[in-house]
Amino acid sequence: MPAEKKYFERVALIAHPQLDEAAHEAAQVAAYLNLQGIFSSQGDLQDEILYTGIKNKEYDLIIALGGDGTMLRAGHLGGQAGVPILGINLGRFGFLTEVNQDQWRNVLPEIIAGRFWIERRMMLSAEHWRAETLLGKWEVLNEIVVSRGQFVRPVHLAAEVDGRYLTTYVADGLIAATATGSTAYALAAGGPILHPELRNILLVAVAPHLSVDRAIVLAEGSKVSIRVLTDHHAVLSPDGQLPVNLLDGDRVDAFAGEHSVQFIRNQDPGYFYRNLTPHMSKNPSTGNQR
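Written as C-alpha cells, this is what we have:
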C-alpha cells in the first residue's frame, strides 16, 4: 500500500517569544513532524534565519504558537510570501487561531494528509505621503489608525473615498480596517463585525466630536485617503506597530493589498459564526471567566 501523500514538506514553527510554554510546545510539534518525515525549523520572527527562510519561500507551511498577536505577526510575513498559516492557540482570544493547545495532536495528522481548506483574508496596503513624497508603505492584516498623539486633543481628519470628499472627522482617531480587523480595535470603537473573507474596508471614528459617528463599509476595491489637519501631534499606527509621526497636511492612503493571508482551517466553514457568541460573551483579558 503506497504511503499517504504529505501536503507539506518544510514547516516553520513560530513561537511567541515571551511564552515559555510556546517554545516547549513548538518542540513537541517539531518532534511529531520529524516522526512523519517532515523537516521543521523552530524560532520566532526575531530569528533572522527563520525570517529570511519564510521570506524566500523556503517553507510551505507556518505553524504559529501563541495568540492572535502571534498570528498577526506571522500573517504579515506569510501573507507576502504566500505561505499558509496554521495557528495553535496558547493565548486568550483565539479569533485567528485554528486549534487549542490540547487539540493539535488530533488535528495535525488531518492537515498533513490534506484534509483542510484555505481561508483567504485581505491585507490592507497603507502609504504615508508628504506632498508628493512617499515616506513609508506597509501591508497590514487588521487595520491602520490615524490618531492624536500625546496631547489629549482631537485631530481633524479629512477623508476621501476614491478621490471624492467624504467628510472631515473631529475625533481621537480614524480606523481603516479589514474584515479581519473588524473584530479588533474597530469592534471596540463600535464598528460592525464583517465576515473574515470579505474584501471591504471599514471606516470607524474613535470618539468623534460632532462628526459622523457611524461606521462606513466601503465597497470592495475602494481607496480611502486620510489627510491630517492639525497644529499638534498626530500619528499613524499600522497594525499596532510603533507609531509614525504625522505633520499637518500629511496624507495616509489605504487600499486592498496585492497579497492575502492564507489561514488553514480544519473546522467547517460556519466556524466563524459559531464562535462569535463564546468570544463576545466574556473578555478573557479581564480575568473574569464567569
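Using the numbering used here, the first residue of the sequence shown is number 22, and each one after it goes up by one.
From the three backbone atoms N, C-alpha and C, an ideal C-beta is built for every residue, glycine too.
Note that the structure is a prediction, hence the values are computed from the model and not measured.
Exposed or buried, what is residue i when buried is set at 16 or more other beta-carbons lying within 10 Å of its beta-carbon?
| i | result |
| --- | --- |
| A240 | exposed |
| T298 | exposed |
| E153 | exposed |
| E30 | exposed |
| I333 | There is no way to answer for residue 333, as the model of the chain reaches only from 22 to 311. |
| I285 | buried |
| A47 | buried |
| L267 | buried |
| R151 | exposed |
| E131 | exposed |
| N127 | exposed |
| Q124 | exposed |
| Q262 | exposed |
| D271 | buried |
| R295 | exposed |
| H149 | buried |
| R248 | buried |
| A209 | exposed |
| H280 | buried |
| H97 | buried |
| L56 | exposed |
| G278 | buried |
| D289 | exposed |
Assuming contact is defined by CB atoms lying nearer than 8 Å, are residue i and residue j in contact in what I supplied?
| i | j | result |
| --- | --- | --- |
| S243 | L223 | no |
| L178 | V167 | yes |
| A207 | E218 | no |
| Y28 | G99 | no |
| E160 | Q101 | yes |
| D269 | L250 | yes |
| L117 | M92 | yes |
| I70 | I83 | no |
| F293 | H230 | no |
| I133 | V120 | no |
| R142 | L162 | yes |
Taking the alpha helix (DSSP H) that residue i belongs to, which residues open and close that run?
| i | result |
| --- | --- |
| V4 | Here the chain comprises residues numbered 22 to 311, so residue 4 is not present and cannot be evaluated. |
| A207 | 206-209 |
Using a Cβ-Cβ distance cut-off of 8 Å, determine whether residue i contacts chain B.
| i | result |
| --- | --- |
| A134 | Looking at the structure shown, chain B is missing, and only one protein chain is on hand. |
Residues in the same chain with beta-carbon distance under 8 Å from residue i, minus the five sequence neighbours each way, listed in chain order, please.
| i | result |
| --- | --- |
| P213 | S203, L223, A236, V238 |
| S232 | T188, T189, Y190, V191, A192, A226 |
| G170 | H253, H254, A255, V256, P264, N266 |
| D65 | I35, A36, H37, P38, L71 |
| L346 | Lying outside 22 to 311, the shown extent of the chain, residue 346 is not represented and no answer is given. |
| I59 | K27, F29, E30, R31, V32, I133 |
Excluding five sequence neighbours on each side, which residues of the same chain lie with their C-beta closer than 7 Å to the C-beta of residue i?
| i | result |
| --- | --- |
| R174 | H253 |
| L111 | H37, L40, E42, A43, E46, L86, G87, G88, Q122 |
| A51 | L34, S61, Q63 |
| G184 | none |
| D81 | F29, E30, R31, V104 |
| R220 | M143, E241, A277 |
Excluding the 5 residues preceding and the 5 following residue i in the sequence, name in chain order all residues of the same chain whose CB lies nearer than 6 Å to its CB.
| i | result |
| --- | --- |
| A275 | L145, A147, I165, A197, V245 |
| F114 | D89 |
| N309 | With a pLDDT of 46 at N309, under the threshold of 50, the modelled position of that residue is not reliable, and no figure is offered here. |
| K78 | A102 |
| E140 | F284, R286 |
| W138 | R286 |
| A95 | I35, I83, A85, I106 |
| S258 | V166, P264 |
By the DSSP assignment, the beta strand (DSSP E) with residue i in it spans what residues?
| i | result |
| --- | --- |
| A197 | 194-198 |
| L107 | 106-110 |
| A226 | 222-227 |
| A255 | 255-259 |
| L239 | 237-239 |
| I247 | 244-250 |
Mind checking whether the beta-carbon of residue i lies closer than 7 Å to any heavy atom of the ligand ATP?
| i | result |
| --- | --- |
| F284 | Ligands displayed in this structure: none; no statement on the ligand ATP is therefore possible. |
**Study point:** Sequence ranges, beta strand (DSSP E) only - wholly within the stretch 28-96, length at least 3
**Key:** List check, beta strand (DSSP E) in window: 31-36, 60-64, 82-87.
Practice item. Mind listing, in chain order, the continuous beta strand (DSSP E) runs of no fewer than 3 residues lying wholly within the stretch 261-300? Key: The stretch 261-300 contains these whole beta strand (DSSP E) runs: 265-267, 272-286.
Review point. Could you give the uninterrupted runs of the alpha helix (DSSP H) lying entirely in the stretch 117-186, keeping only those of 4 residues or more?
Key: As summarised for the stretch 117-186, the continuous alpha helix (DSSP H) elements at least 4 residues long and confined to that stretch are 125-133, given in chain order.
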